[in-house]
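Residue numbers (the numbering used here): 12 to 125. Backbone N, C-alpha and C fix where the C-beta goes; we use that ideal spot for every residue, glycine too. Since the model is a prediction, treat every value here as computed from it, not as a measurement.
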Amino acid sequence: MKSHSTPTLYLLSLCLTVMLALSACKTKPMYTEGDVHFEATCVEVDVAICIERLKKACDEYEGEVVEIDVRREKYISEQLKAELRKTNVKAQSVHLTCRPPAKEQEDNLEQTQK
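Right under this line is the structure:
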């Protein structure tokens, strides 16, 4: 007596593998060698102020901003927490990924390898 579960399981795993492989074709890399990452703890009322500062830093590399991530900052001192509570402002962590032109990336790699 043969079981039908083995071929079914094989087909299911094959379909899942193909779906996973096809979905990977549309993804972009989270990190590209040569990217420059800026991170700042922002205690401004408007996070856009911090983002603009980081964009200006990216401009110094003549790069393009490829990602901006804003999250609630968890790692701040108790003293800063107390001061922020008085003003009803929350600390946020702003992470900006900057991609310099290819030549700039090669120069950055050479500097890190020295």
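Local conformation of residue i per DSSP, three classes
i: E6; result: Because the chain spans 12 through 125 in this model, residue 6 falls outside it and cannot be assessed.
i: V81; result: strand
i: A102; result: coil
i: E73; result: coil
i: E55; result: coil
i: I60; result: helix
i: P18; result: helix
Beta-carbon proximity check, residue i vs residue j, cutoff 9 Å
i: E55; j: S104; result: no
i: A102; j: E84; result: yes
i: I79; j: I62; result: yes
i: P112; j: G74; result: yes
8 Å contact criterion, which residue i and residue j should meet: CB distance rounded
i: V58; j: C69; result: Between C69 and V58 the Cβ distance is about 16 Å, and since that is not below 8 Å, they are no contact.
i: R110; j: D46; result: 5 Å
Option in the options with minimal Cα separation from residue i
i: Y72; options: T108, C61, P18, R82; result: T108
i: L65; options: T19, H106, E44; result: H106
i: T52; options: P112, T43, R82; result: R82
Residues bridged to residue i (per DSSP)
i: E50; result: H106
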